[in-house]
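Each protein sequence line maps, in turn, to chains P and S.
Quick note, in my numbering, the first sequence goes up one by one and the last residue is 335.
Quick note, in my numbering, the second sequence goes up one by one and the last residue is 1335.
Built from N, CA and C at the ideal position, the CB exists for glycine as well.
Okay, so here's the structure we're looking at.
2 protein chains.
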Amino acid sequence: MSSTIFDVARECGYSKTTISRAFASPEMVSEKARRIIYDTARQLNYTPNAIARAMVRKQTNNLGFIVNDQQYPVVLNPFYSPIFEGVLQTCRQRGYSVFIANEEEIQLPTGQVYVKKQMDGVIICGKTEPRVIDEFRAQNIDVVLLNNVFDMDELVCITIDHYGGAVKAIEHLVEQGIEEIAIINGHFSPYVYKERFRGYIDVLMRHDIETKDAFITTIEPTMEEAKQCARQLLSLDERPRAIFATNDTIAIGVVKVALQMGLSIPEELSIIGYDDSNLSAIIEPELTTVRIDKEEMGKLAANKLIDILQGGERKKEIIECPTTLILRGTTYGHH
Amino acid sequence: MSSTIFDVARECGYSKTTISRAFASPEMVSEKARRIIYDTARQLNYTPNAIARAMVRKQTNNLGFIVNDQQYPVVLNPFYSPIFEGVLQTCRQRGYSVFIANEEEIQLPTGQVYVKKQMDGVIICGKTEPRVIDEFRAQNIDVVLLNNVFDMDELVCITIDHYGGAVKAIEHLVEQGIEEIAIINGHFSPYVYKERFRGYIDVLMRHDIETKDAFITTIEPTMEEAKQCARQLLSLDERPRAIFATNDTIAIGVVKVALQMGLSIPEELSIIGYDDSNLSAIIEPELTTVRIDKEEMGKLAANKLIDILQGGERKKEIIECPTTLILRGTTYGHH
DNA sequence: CTGTTAGCGCGTTCAT
DNA sequence: ATGAACGCGCTAACAG
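See the structure below:
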């Protein structure tokens, strides 16, 4: 079997303590001792046992990345996967490993949630409840919240300027002289939904453009529903000249329907999506969309969390990430 | 802070052992004791410490999912992410958590790779070296290899019928009466490259269709190179009537170029991709492609690994997953 | 069904 | 710069 610190100690004559130090804090050990120790370690195929280490240090150097079931699967989700990628990158860089946590579902016989101590902290994404955050904290696991906002003590929340992004999108359409703008709202969390929609309404109001009920729709954000909704909007007697979809999947559904109906894009119909997911550059014409720097969000979340774990102060903070309008082929203004 | 098994024991009068059993194997404890124990546990906010448990049991119930750097980022990779998703699902089901392992890069001062014991086993994807597998095994960590094949003792390899998929694609084109078929090979691992290409050649030969050098190209599998290559192929005096791309990203590049050149698909050009990634149904017209059931591959890998970890026999095995041709809008034959 | 006794492999005092 | 002793929280024999 693999050998322990004790085997190395016996083999090379130094004490366990010195072996331990040679790996954990090499600068405390003499050059000579280090050489000898590393040699015999390699020879014995010794490697520190991370579990034992975690046990005594009371920390694992693991983080959890938690996305609730509704948005599962994380990895296939064009919104969360780049965020996860960002998390992965900074964790790797700062010496942490990351867990896709499914512990959240391991119910103990007591009815409690069982998460304790396989990770030092977690990043919780999207929909969740304050109760869950409390439970983690009760088990001494720090939390950073991403794409959601709760008003809790010492909680870092990382969110997006949903409102601003919507404003940029609609402003751009209005600048092109388009006033007949429909919206297809995805049925996201109340916060996201509300903010994106508010951007749409505000810009129209500001320009004294009347909002038409028929132009305001809400659906589950699937390709199927999007197509159906688009078909309906585009069959209206007075059909919209632009459609703002509150995510890219919906927008792509719209593009597909428009193409199938023989409408030319953007001449007869402009389309703007939201998120700038990796799908947006696949469809032809490519999608004009509101970009969120998702990797950056992931990195930010991981950095904040690790800062706290490494002794940084825990202070309540709400960070709003900026958005950019990316002009592509589904609107005018693309060069 | 959070309490330990000892606190619960003292509080409710039972011994540590009984508390331990109440959580680990409830059936060994009397109904009454269980009730009391759970109550006081909840009251004391006690939860078993997974690290301590792992330490004595010598197992963590964690798996690692390892993809080498070249194919990073995993999560954004349209090929590996559904595989990962499959792994996640069966792990969740069978009580394991999964790690995106970056331990592989933590070099110890000794120069050895440090992975020991944060995971019971790993799934290694794609390119790697036998040496790496040996190192894992030396640290008592079981390995299953995915999308790669090594001839090693007791090693389970999960791979794909690359050849058969290519055969199906080309056969389909030939059945439609198309003989001018070009191929754009992605520069993948030698094994994958060779097999997919062999399928193309064999079918043409079998039907006595001559292969033209100008129709055989190889590129790095990026959208950019694909577009450039497609432009060249489609500008040929005798241009191909079909293009077989050895992955979907390449195929989508081809579709985009064809659309931009005003060719009608599939009338003037048929296109077939490979992998059936989530991108293939985004482009319009949607892509005819060779499907690999990637989630199933992930599940298979995880199940094989967990079987071994739970005491199943370790035997050398090479499992080839089947492929299906999915007909969509870029070829005839789609209803 | 329940309790007693021993470690698991390591890091951390506190000495020297 | 190095070593001795203790304990992290839990489970696994073995008894009863």
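Whether residue i touches residue j by CB criterion (8 Å)
i: S:I1051; j: P:A54; result: yes
i: P:S97; j: P:N49; result: no
i: S:I1183; j: S:Y1200; result: yes
i: S:L1287; j: S:G1273; result: yes
i: P:V167; j: P:A302; result: no
i: S:P1221; j: S:I1181; result: no
i: P:H172; j: P:T331; result: yes
i: P:L269; j: P:R241; result: yes
i: P:I282; j: P:V254; result: no
i: P:G165; j: P:I141; result: no
i: P:L305; j: P:L63; result: yes
i: S:D1161; j: S:C1321; result: yes
i: P:F65; j: P:I37; result: no
i: P:I133; j: P:E179; result: no
Buried versus exposed, by CB contacts within 10 Å (16 or more), residue i
i: P:Q260; result: exposed
i: S:T1018; result: buried
i: P:A214; result: exposed
i: S:K1016; result: exposed
i: S:L1233; result: buried
i: S:Q1139; result: buried
i: P:M119; result: buried
i: S:T1211; result: exposed
i: P:F6; result: exposed
i: P:L155; result: buried
i: S:R1035; result: exposed
i: P:D248; result: buried
i: P:I318; result: exposed
i: S:S1030; result: exposed
Neighbour list for residue i in chain P, Cβ cutoff strictly below 7 Å
i: S:F1099; result: S97, F99
i: S:L1300; result: None at all; the shortest Cβ gap to chain P is about 17 Å.
Residues that DSSP places opposite residue i in a beta bridge
i: S:C1125; result: S:V1067, S:L1146
i: S:C1321; result: S:I1160
i: P:S270; result: P:A242
i: S:T1217; result: S:I1184
i: S:N1061; result: Per DSSP, none; premise fails for S:N1061.
i: P:F99; result: P:G64, S:F1099
i: P:I326; result: P:T289
i: P:D275; result: P:R291
Residues of its chain near residue i, where Cβ-Cβ distance is below 6 Å and the 5 sequence neighbours each way are ignored
i: P:G262; result: none
i: P:D276; result: T289, R291, I326
i: S:C1023; result: Checking the sequence shown, residue 1023 of chain S turns out to be Phe, not Cys. Around S:F1023: P1048.
i: P:V257; result: K227, A230, R231
i: P:I308; result: D142, R314
i: P:P285; result: I265, G329, T330
i: P:M28; result: R21
i: S:V1174; result: H1207
i: S:Q1310; result: none
Own chain partners of residue i with C-beta closer than 8 Å, once the 5 adjacent residues on each side are dropped
i: S:N1148; result: I1124, C1125, G1126, K1127, T1128, C1157, T1159, S1189, Y1191
i: P:N278; result: P78, P82
i: P:N185; result: Y193, R196, F197, I216, T217, T218, I219, T246
i: P:G95; result: N61
i: P:P130; result: F150, M152
i: S:E1224; result: G1253
i: P:E238; result: E180
Where residue i meets chain P, residues with beta-carbon distance less than 8 Å
i: S:S1020; result: In chain order: nothing, as chain P lies at least about 13 Å away.
i: S:M1055; result: I51, A52, M55
i: S:L1259; result: E284
i: S:K1256; result: E284
Within chain P, partners of residue i - CB distance below 9 Å
i: S:I1283; result: I282, I283, E284
i: S:L1279; result: N278, L279, I282
i: S:D1263; result: According to the sequence displayed, residue 1263 of chain S carries Leu and not Asp. Result: empty, since nearest Cβ-Cβ is about 13 Å, beyond 9 Å.
Cβ-heavy atom distance, residue i to the ligand MG, below 7 Å
i: S:L1269; result: For the ligand MG, the structure offers nothing, since it holds no ligand at all.
Interface partners of residue i on chain S, CB under 8 Å
i: P:I252; result: I1282
i: P:L146; result: Within chain S, no residue comes near P:L146; the closest Cβ sits about 15 Å away, beyond 8 Å.
i: P:T90; result: In chain order: nothing, as chain S lies at least about 11 Å away.
Cβ-based neighbour list, residue i, same chain, cut-off 7 Å, excluding 5 preceding and 5 following
i: P:E85; result: E295, G298
i: P:V67; result: V74, Y80, C125, G126
i: P:A9; result: S15, K16, I19
Chain-ordered chain S contacts of residue i [CB-CB under 7 Å]
i: P:L287; result: Those within 7 Å of P:L287 in chain S number zero; the least Cβ separation is about 10 Å.
i: P:T246; result: None at all; the shortest Cβ gap to chain S is about 18 Å.
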